[in-house]
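Engineer: Sharing a structure here in structure tokens format.
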Amino acid sequence: MTFEKILVTGAAGQIGSELVPFLSDHFGSSRVIPSDVRPNTNDPRFISLDVTDKGAVEKAIDKYRIDTIFHLAAILSANGEKNPELAFKVNVVGLYNIFEVAVSNKIGLVMTPSSIGVFGPDTPKENVPIETITRPVTMYGVTKLLAETLGYYYHSRFGLNARGLRFPGLISYKNPPGGGTTDYSIEMIVEAVKGRSYKCFLREDSKLPMMYMPDALDSLLRLAEADDSRLKHRTDFNVTSFSITPKELEMELREYYPSFRVTYQPDFRQAIADSWPASLDSSAAINEWGFHPRYDLKSTTADMIAHLK
Ligand code: NAD
Ligand code: SER
Numbered sequence: 041m042t043f044e045k046i047l048v049t050g051a052a053g054q055i056g057s058e059l060v061p062f063l064s065d066h067f068g069s070s071r072v073i074p075s076d077v078r079p080n081t082n083d084p085r086f087i088s089l090d091v092t093d094k095g096a097v098e099k100a101i102d103k104y105r106i107d108t109i110f111h112l113a114a115i116l117s118a119n120g121e122k123n124p125e126l127a128f129k130v131n132v133v134g135l136y137n138i139f140e141v142a143v144s145n146k147i148g149l150v151m152t153p154s155s156i157g158v159f160g161p162d163t164p165k166e167n168v169p170i171e172t173i174t175r176p177v178t179m180y181g182v183t184k185l186l187a188e189t190l191g192y193y194y195h196s197r198f199g200l201n202a203r204g205l206r207f208p209g210l211i212s213y214k215n216p217p218g219g220g221t222t223d224y225s226i227e228m229i230v231e232a233v234k235g236r237s238y239k240c241f242l243r244e245d246s247k248l249p250m251m252y253m254p255d256a257l258d259s260l261l262r263l264a265e266a267d268d269s270r271l272k273h274r275t276d277f278n279v280t281s282f283s284i285t286p287k288e289l290e291m292e293l294r295e296y297y298p299s300f301r302v303t304y305q306p307d308f309r310q311a312i313a314d315s316w317p318a319s320l321d322s323s324a325a326i327n328e329w330g331f332h333p334r335y336d337l338k339s340t341t342a343d344m345i346a347h348l349k
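What follows is the structure, given as structure tokens:
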């Protein structure tokens, strides 16, 4: 059984804070149990849950009779380089706990978002397929690659219905991003709307794949509801909407704010960005479960500005 009771971990984060209302609209709010180690919300459904505590995960799944998990709890790339030990603990031990408890409780579906972080400097740069060189140089990437592989393992060994997709940088306005390398895009738009200049921590020519949050939510739901017999892949679908450089975003923002200016002062995050692809091949996601992004740079920027205003 799936979608009768859905646990969302990491629900207070950038994706979770939008996925919870999105799933609630789709399945009914009483079916969604948002959880986080820092439940900073007034939502009465919210429970406090640390995914590194296996006993607590077990208790929550039993108490709420969970049959589906959207596992979002994680430490992202830039924060992961600041605290690799924490990244390993949350991204690996936390995921292991989720998979173990999911198997013993016969959970029908576990969704585990992955990331472009699984790629590394030896990966080709453009139109990168799913199967390619994956030799990440960040702890975040290492943990995400292990998470994808564990998903395949739990599926083949225990029949666990683990599914996941490699998100590019996600752009959104409702909740601040959680310490990633692609966060510059959100920060730049926010500063432009506030009428301020922006100091970008990446070089102006750092091209990275991106996606607007409504397309990310839609793709999570499409993959979650996809017919299992059509899936040749499980936890490592590439998905992308458009690829941009910081300079291209700056120029797009100048269409709205002609005096907007950006200075470029790369920091440690430049090395992370340099190790990631510029564009991805999403054809497996399109063919196997109908991935269909709607937003490009222009419509993303217009919608972000309309909401941030
Ligand atoms: P985020 O950092 O905004 O949110 C993660 C949440 O996890 C936070 O609210 C944090 O409090 C929570 N958390 C941390 N440690 C925890 C623990 N021990 N137990 C329970 N919760 C804990 O991240 P996000 O952007 O919402 O990312 C969600 C997922 O999507 C992650 O797996 C991430 O790797 C993936 N992803 C995100 C992006 C992006 O651009 N946002 C891109 C690619 C992949
Ligand atoms: N946006 C994420 C990050 O920069 C990609 O996984 O960490």
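Heads up: the sequence shown begins at 41 in the numbering used here, then just goes up one per residue. By construction, the Cβ of each residue, glycine as well, lies at the ideal position given by its N, Cα and C atoms.
Tell me whether G157, by its Cβ, gets closer than 6 Å to a heavy atom of the ligand SER.
Structural biologist: For the purposes of this step, residue 157 is identified with residue 117 of the sequence shown, where counting begins at 1. Yes, since a heavy atom of the ligand SER falls inside the 6 Å radius drawn around the Cβ of G157.
Engineer: Give the DSSP-derived three-state secondary structure of N327 in the structure shown.
Structural biologist: Against the sequence shown, residue 327 aligns to sequence position 287. Of the three classes helix, strand and coil, the one that applies to N327 here is helix, per DSSP.
Engineer: For the candidate residues Q54, L260, S323, whose alpha-carbon lies nearest to that of Y213?
Structural biologist: As a position in the sequence shown, residue 213 is number 173, starting the count at 1. Nearest of Q54, L260, S323 to Y213, Cα basis: Q54.
Engineer: Closest Cβ-Cβ distance between P208 and chain D: below 7 Å?
Structural biologist: Looking at the structure shown, chain D is missing, and only one protein chain is on hand.
Engineer: Considering Cα atoms alone, identify which of S322, P298, K287, E292 is closest to Q305.
Structural biologist: Position 265 of the sequence shown, counted from the first residue, corresponds to residue 305. Of S322, P298, K287, E292, the residue nearest in Cα terms is K287.
Engineer: Buried or exposed: which applies to I345, given that a residue is buried once 16 or more other Cβ atoms fall within 10 Å of its Cβ?
Structural biologist: For the purposes of this step, residue 345 is taken as residue 305 along the sequence shown, with counting starting at 1. Buried is the call here.
Engineer: Assuming P249 is part of the beta strand (DSSP E), what are its boundary residues?
Structural biologist: Translated into positions along the sequence shown, residue 249 becomes position 209. Counting along the chain, the beta strand (DSSP E) containing P249 begins and ends at 248 to 252.
Engineer: What's the C-alpha gap between K103 and R85?
Structural biologist: Against the sequence shown, residue 103 aligns to sequence position 63. Against the sequence shown, residue 85 aligns to sequence position 45. About 13 Å.
Engineer: Could you check whether the segment 174 to 188 touches the segment 79 to 96, counting it as contact only if at least three pairs of C-beta atoms, one from each stretch, sit closer than 8 Å?
Structural biologist: Taking 8 Å as the limit for Cβ pairs, the verdict is that the segment 79 to 96 does not touch the segment 174 to 188.
Engineer: If contact is defined by three or more beta carbon pairs under 8 Å, each pair taking one atom from either stretch, is the segment 284 to 301 in contact with the segment 237 to 254?
Structural biologist: Touching, yes.
Engineer: Are the CB atoms of I147 and R206 nearer to each other than 7 Å?
Structural biologist: The residue you call residue 147 lines up with position 107 of the sequence shown. The residue you call residue 206 lines up with position 166 of the sequence shown. No, Cβ-Cβ distance for I147 and R206 is not below 7 Å.
Engineer: Three-state secondary structure (DSSP) at S283?
Structural biologist: Within the sequence shown, residue 283 is the residue found at index 243, counting from 1. In the structure shown, S283 sits in a strand (DSSP, three-state: E or B).
Engineer: Looking only at its own chain, which residues have a Cβ that is under 6 Å from the Cβ of G56, when we skip the five neighbours before and after it?
Structural biologist: Taking the first residue of the sequence shown as 1, we reach residue 56 at position 16. Result list for G56: V48, G50, L112, in chain order.
Engineer: Whose C-alpha, out of L293, R78, F139, is nearest the C-alpha of D343?
Structural biologist: Reading the sequence shown from its first residue, position 303 is the one you call residue 343. Comparing Cα-Cα distances from D343 to each of L293, R78, F139, the minimum goes to L293.
Engineer: So, using beta-carbon positions, are R309 and S237 closer together than 7 Å?
Structural biologist: Start at 1 with the first residue of the sequence shown, and residue 309 comes out as number 269. Start at 1 with the first residue of the sequence shown, and residue 237 comes out as number 197. Going by C-beta atoms, R309 is not nearer than 7 Å to S237.
Engineer: Given that a residue counts as buried once 16 or more other Cβ atoms are within 10 Å of its Cβ, and exposed if not, what is S281?
Structural biologist: Mapped onto the sequence shown, residue 281 falls at position 241. Buried, by the Cβ-count rule.
Engineer: To the nearest angstrom, report how far apart A52 and R270 are at their CA atoms.
Structural biologist: Counting from 1 along the sequence shown, the entry for residue 52 is found at position 12. Counting from 1 along the sequence shown, the entry for residue 270 is found at position 230. Going from the Cα of A52 to the Cα of R270 covers about 32 Å.
Engineer: Hey, is the segment 165 to 177 in contact with the segment 326 to 342, meaning 3+ C-beta pairs nearer than 8 Å?
Structural biologist: Flag = no, the segment 165 to 177 and the segment 326 to 342 do not touch.
Engineer: Can you check which of these residues, I229, V91, V230, S259, is closest to D76 by C-alpha distance?
Structural biologist: Walking along the sequence shown from the start, residue 76 turns up at place 36. With distances taken between Cα atoms, D76 lies closest to V91.
Engineer: In the structure shown, what three-state DSSP assignment does F308 receive?
Structural biologist: As a working mapping, residue 308 is identified with position 268 in the sequence shown. Three-state result, F308: coil.
Engineer: Kindly confirm or deny that the segment 216 to 223 and the segment 115 to 125 touch, where touching means at least three C-beta pairs closer than 8 Å.
Structural biologist: The segment 216 to 223 is in contact with the segment 115 to 125.
Engineer: So, are the CB atoms of L190 and V143 less than 7 Å apart?
Structural biologist: The residue given as residue 190 occupies position 150 in the sequence shown. The residue given as residue 143 occupies position 103 in the sequence shown. No, they are not a contact pair.
Engineer: At a threshold of 6 Å, does S154 count as lining the ligand SER (C-beta to nearest heavy atom)?
Structural biologist: In the sequence shown, residue 154 corresponds to position 114, counting from 1. No, the ligand SER has no heavy atom inside 6 Å of this Cβ.
Engineer: Can you tell me the Cβ-Cβ gap for A170 and V141, rounded? I've got them flagged as a contact below 8 Å.
Structural biologist: By one-based count along the sequence shown, residue 170 stands at place 130. By one-based count along the sequence shown, residue 141 stands at place 101. One point to set straight first is that residue 170 is Ile, not Ala, in the sequence displayed. Not really, about 28 Å apart at Cβ, beyond 8 Å.
Engineer: Fully enclosed by the segment 216 to 241, which alpha helix (DSSP H) runs are 4 residues long or longer?
Structural biologist: Qualifying alpha helix (DSSP H) stretches, in chain order: 224 to 233.
Engineer: To the nearest angstrom, how far is it from the Cα of P124 to the Cα of E295?
Structural biologist: Taking the sequence shown and counting its residues from 1, one reaches residue 124 at position 84. Taking the sequence shown and counting its residues from 1, one reaches residue 295 at position 255. Using only the alpha carbons, I get a separation of about 40 Å.
Engineer: What do you reckon, are the CB atoms on L59 and I46 nearer than 7 Å?
Structural biologist: Sequence index remark: in the sequence shown, residue 59 carries index 19 (1-based). Sequence index remark: in the sequence shown, residue 46 carries index 6 (1-based). No, these two residues do not count as a Cβ contact at 7 Å.
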